[in-house]
Amino acid sequence: MLKNWHIYKQQLRASECRLVVFSEKDTRLLYDSATVVALADRFVFGSHLSQCGRFQFLPHKYDTLKIAKMLFGTMPGALKSDSLKIHTLKYFF
Numbered sequence: 001m002l003k004n005w006h007i008y009k010q011q012l013r014a015s016e017c018r019l020v021v022f023s024e025k026d027t028r029l030l031y032d033s034a035t036v037v038a039l040a041d042r043f044v045f046g047s048h049l050s051q052c053g054r055f056q057f058l059p060h061k062y063d064t065l066k067i068a069k070m071l072f073g074t075m076p077g078a079l080k081s082d083s084l085k086i087h088t089l090k091y092f093f
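In the UniProt record's numbering, the protein residues as written are 1 to 93.
This is the structure in structure tokens:
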């Protein structure tokens, strides 16, 4: 069970959360919340605009391979249960 969950619960901020979706079949990156930014939040020069014109797509982050290893079990995690894995990174994205 997650005995130390309270430690992470107190320190977790929405600005530090990132949603990353991979294809389980070939570990291909499908979505990364760090690479989709609303134009209302900020504008990044050189990004690609979405068809609706409200979002911009940034290049993939350099750490996606490391995150894939975390998700598919080749890198140890901080906490683990039957339905949840928690990994921490020492840098902000």
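Cβ atoms here follow ideal geometry from the backbone N, Cα and C, with glycine treated the same way.
Separation of residue j from residue i, as counted between CA atoms
i	j	result
Y62	L49	21 Å
R13	D41	18 Å
T27	L39	29 Å
F57	M70	24 Å
S47	L19	20 Å
Q51	F43	16 Å
S23	P59	18 Å
V21	D32	6 Å
Cβ-Cβ distance between residue i and residue j below 8 Å
i	j	result
T64	L29	yes
Alpha helix (DSSP H) runs contained entirely in the stretch 10-45, provided each spans 4 or more residues: none
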